[in-house]
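To start, the structure under review is shown below, and the notes come after it.
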Amino acid sequence: MSTANLRPAFPGVGRRTFLDSASIGLVSTAARDAIAAFLARAEHDPQGAHHGDAFARARAAAAALIGATPETIALIPSTSLALNIAADAIPLAAGDNVVTTDLEFMSVVVPWVEKARVAGAEIRVARHRDGRIAPDDVIALMDGRTRAVTLSAVQWTNGFRMDVAPIGRACRDRDVPFVLDAIQQIGVVPFDAVESGADFVACGGHKWLCSPAATGFAYVSRRFAERFRPSLSYVPTSRPPLASWQASWTDPAYDPIRTYELKPAAARFEQGVHHGGLGATGLAASLALLLEAGPAAVWDRARSLADRVAGGVATLGLAVVSPLEPAARSGITVFATGRGPAGDLAVKEGLAAAGVDVNVRYTSGVGGVRVSTHAYNDEDDVDRFLDALRPLLAA
Ligand SMILES: Cc1ncc(COP(=O)(O)O)c(C=O)c1O
């Protein structure tokens, strides 16, 4: 399949001009059909192996997309939950510190702020410079009391993509866990978990992965899984104490009060229901679609459309907020209307009335009107957006 064949898998593109994958993206027909088939089966065969099969397919596809192995993938239904699980597992004491940046989506820092307050620890913040975070500014904040570094691969209010590998290396050298939010990168810009050097990578399915909400995964390095324990445990995070769980359930002498050994690797961090393959089956189907199209081809397509957006708004006399150097590009292109946040919101509303979906996002003084281009978009989408934008600027 090429990216040209991707568009038919998203019938939503025929109804509106959808340029908002960075918020909640379109779900593919592949995901819808897989979920429908799963539900149809539940009507007559609710207990089959299809739950486990769906989990296995989702883990394998997620691993293939980020250059990892299925054992390093934990299925976790949101980025925010995954980031919480990581933060919860890492001990923090008085005098310790956690390093982050001032551009982060709140889910990246929320788990740490309260934890640091209770522990008497410090949150150290690398400040952006013109919407960019320099890896060296993050590394410079680390010292012998740094217990974690946590930030995003691609920033949500300007699409800035960061070279996280130097931070990954610095964390390895100092034996500090590196927790990375990659929801705004994976699925549109190729991402290699091992090259990133991150120990824990969180990614929800509902943006660039074209999957339903309440799906997602985390990559968990072997080192992280060996060193840290989740504070919540349930049956699938443990090894069966007998030959299998089935053996335990059918043994009249089984005493449930005993020591349960955690599963090795990423599986120990999964949370939720183990007979709930519904979301996983949708995630697996959309990931298969992206893998078939090819991550490099997906990015080529999305990037050329992002460049068309940037070029188009610049031609209309607007300032592009997103850093435009190729290494910092992502599927997000943000521009300023020059009329402040209220003007940006008015433009968003005007575009919505014309059938074009974009969004407005700001943090720490960085942001504007956010236009997202995925590989299922095309040049006509971008041109319709520009045509709808032109009269709004004259108003
Ligand atoms: C960078 C970033 N992280 C996390 C989230 C939230 O993800 P989830 O809904 O999967 O918790 C968002 C959503 O806007 C985001 O932009």
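FYI, the working numbering numbers position 361 of the sequence shown as 351, with every residue one higher than the one before it.
For glycine and all other residues, C-beta sits at the position ideal for the given N, C-alpha and C.
Beta carbon of residue i nearer than 8 Å to that of residue j
i	j	result
Ala130	Leu170	no
Phe214	Cys193	no
Ala148	Val372	Reading off the sequence shown, one finds Asn at residue 148, where the question assumed Ala. Contact flag unset, no.
Leu273	Leu199	yes
Leu73	Ala109	no
Pro242	Ala79	no
Leu(-4)	Leu279	yes
Met132	Val103	no
Leu65	Glu369	no
Ala24	Ala(-1)	no
Ala326	Leu308	yes
Ser97	Ser276	no
Val311	Val356	yes
Val225	His264	yes
Ala317	Asp126	no
Ile176	Thr69	no
Gly328	Phe45	no
Contacts around residue i, its chain only, beta-carbon distance under 7 Å, and the 5 residues preceding and following it disregarded
i	result
Phe168	Val139, Ile157, Gly158, Cys161, Gly187, Ala188 and Asp189
Ile63	Arg49, Ala52, Ala53, Phe207, Tyr209 and Ala256
Gly345	Arg6 and Thr7
Simplified DSSP assignment, three categories, for residue i
i	result
Ile437	Residue coverage of the chain in this structure runs from -9 to 385, which leaves residue 437 outside it and unanswerable.
Glu94	coil
Asn367	coil
Ser276	helix
Cys161	helix
Ile129	helix
Glu33	coil
Ser68	coil
Phe207	strand
Ser238	helix
Arg229	coil
Ile63	strand
Asn74	helix
Gly2	helix
Ala354	Going by the sequence as given, residue 354 is Ser instead of Ala. In the structure shown, Ser354 sits in coil (DSSP, three-state: anything other than H, G, I, E or B).
Asp347	strand
Ala309	strand
Asn148	coil
Ala215	helix
Val139	strand
Glu104	helix
Thr327	coil
Residues near residue i in its chain [Cβ-Cβ closer than 8 Å; skip 5 each side]
i	result
Arg248	Pro231
Arg31	Gly38 and His40
Lys338	Val348, Asn349, Val350 and Val359
Trp235	Val225
Ser386	Residue 386 lies beyond the residue range present for the chain, which begins at -9 and ends at 385; the question has no answer from this structure.
Residue i beta carbon near ligand 1 (any heavy atom closer than 7 Å)
i	result
Asp368	no
Gly194	yes
Phe95	yes
Asp171	yes
Trp102	no
Trp146	yes
Val98	yes
Gln174	yes
Gly333	no
Gly206	yes
Thr142	One point to set straight first is that residue 142 is Ser, not Thr, in the sequence displayed. Ser142 Cβ: within cutoff of ligand 1.
Outcome for residue i when other beta-carbon atoms lying within 10 angstroms are tallied against a minimum of 16
i	result
Trp239	exposed
Pro67	buried
Gly195	buried
Asp334	buried
Asp10	buried
Leu29	exposed
Tyr366	buried
Leu141	buried
Ile14	exposed
His118	buried
Arg151	buried
Ser(-8)	exposed
Gly269	buried
Ser201	buried
Own chain residues within Cβ distance below 6 Å of residue i, not counting five before or after
i	result
Val179	Trp289 and Ser320
Phe95	Trp146
Ala76	Val169 and Phe190
Residue i: CB within 7 Å of a non-hydrogen atom of ligand 2
i	result
Thr69	Questions concerning ligand 2 fall outside what the structure shown contains, since the ligands it does hold are ligand 1.
Min CB distance residue i to chain D below 8 Å
i	result
Phe181	Looking at the structure shown, chain D is missing, and only one protein chain is on hand.
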